[in-house]
Amino acid sequence: MKIHIVNGPNINLIGRREPGIYGSRDFDDYFLELQSRYPRIEMAAWQSNVEGEIISRIQEVGFDCDGIIINAGAYTHTSIGIQDAIRAVTAPVVEVHLSNVMQREDYRHVSMISPVCVGTVFGFGLDSYRLAVEALIERLG
Ligand code: DQA
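If you're matching positions, the sequence shown starts at 1 in the working numbering and goes up one per residue.
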C-alpha cells in the first residue's frame, strides 16, 4: 500500500509556529514515528508553500498510489485549483488539519476541498495524520 502525504503552506513550520495551536513537535520528527508504526505501508511526505506545486504533486502521485492525505493549510479555504486536482485523480484523498478549524475563525469553517475528499480529520494535532492513515487502511481493506 502506498500513501502520499501532501502538506501545504506553513506546515513546514509546525513545531515552531503558534505552538499553542499546533503543538511544539515538528512534522519531520512525527513522520519518522508514523513510518515506523506502519512498516508495511510505503509512505512519503512532501510539502510546498506554493499552490501550483501542490496541484502538480497531486497530479503526479494521484493516479498510482492508494491514497493521499492532504493538509492544504490556508489553501484549504480558498483553492478551487486544489479541489479540481483532487477531483481529477483516482486515489482517495483524506483531508487533515491539526487544529480544530471549527473552533477557530469563521473563514476557517469553509473548506474548498472537503466536498471532494473521502473524509476529513481535524483537531487531533499531529495525530490527525495517523487517524487518516487508519481511515485509509480501513477503506482499502
Ligand atoms: C491548518 C488549519 C488552516 O486553517 C491553517 O491555515 C493552517 C493549518 C491545520 O492543520 O490546522 O495552516 O490546516
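Glycine included, each C-beta is placed from N, C-alpha and C at the ideal position.
When every heavy atom of the ligand DQA is checked, does at least one fall within less than 7 Å of the C-beta of residue i?
{"i": "N212", "result": "Only positions 1 to 141 of the chain appear in this structure, which leaves residue 212 out of reach."}
{"i": "H109", "result": "no"}
{"i": "N10", "result": "yes"}
{"i": "H77", "result": "yes"}
{"i": "L34", "result": "no"}
{"i": "L98", "result": "yes"}
{"i": "A45", "result": "no"}
{"i": "A132", "result": "no"}
Alpha carbons only, please: which of the options is nearest the one belonging to residue i?
{"i": "Q103", "options": "E95, P92, M112, F124", "result": "F124"}
{"i": "I3", "options": "V121, G15, D64, E105", "result": "D64"}
{"i": "G20", "options": "N100, I41, G81", "result": "N100"}
{"i": "V50", "options": "Y75, G141, G15, P39", "result": "Y75"}
{"i": "E105", "options": "V61, H77, L126", "result": "H77"}
Which residues mark the beginning and the end of the alpha helix (DSSP H) in which residue i is found?
{"i": "I54", "result": "51-61"}
{"i": "A45", "result": "Here A45 belongs to no alpha helix (DSSP H); instead the beta strand (DSSP E) covers 42-47."}
{"i": "I82", "result": "80-88"}
{"i": "I21", "result": "19-22"}
Measure the beta-carbon distance from residue i to residue j and round it to whole angstroms, keeping in mind my assumption that it falls under 8 Å.
{"i": "V94", "j": "V118", "result": "6 Å"}
{"i": "G15", "j": "A72", "result": "In fact, because the Cβ distance is near 19 Å, the residues do not count as touching under 8 Å."}
{"i": "Y22", "j": "L98", "result": "5 Å"}
{"i": "I68", "j": "V6", "result": "6 Å"}
Give the range of the beta strand (DSSP E) segment to which residue i is assigned.
{"i": "F124", "result": "Taken as a continuous stretch (DSSP letters only), F124 belongs to no beta strand (DSSP E), as it is neither H nor E."}
{"i": "I3", "result": "2-7"}
Three CB pairs or more closer than 8 Å across the stretch 87-94 and the stretch 42-54:
no
Is there contact between the stretch 54-66 and the stretch 17-37, where contact requires at least three CB pairs shorter than 8 Å?
no
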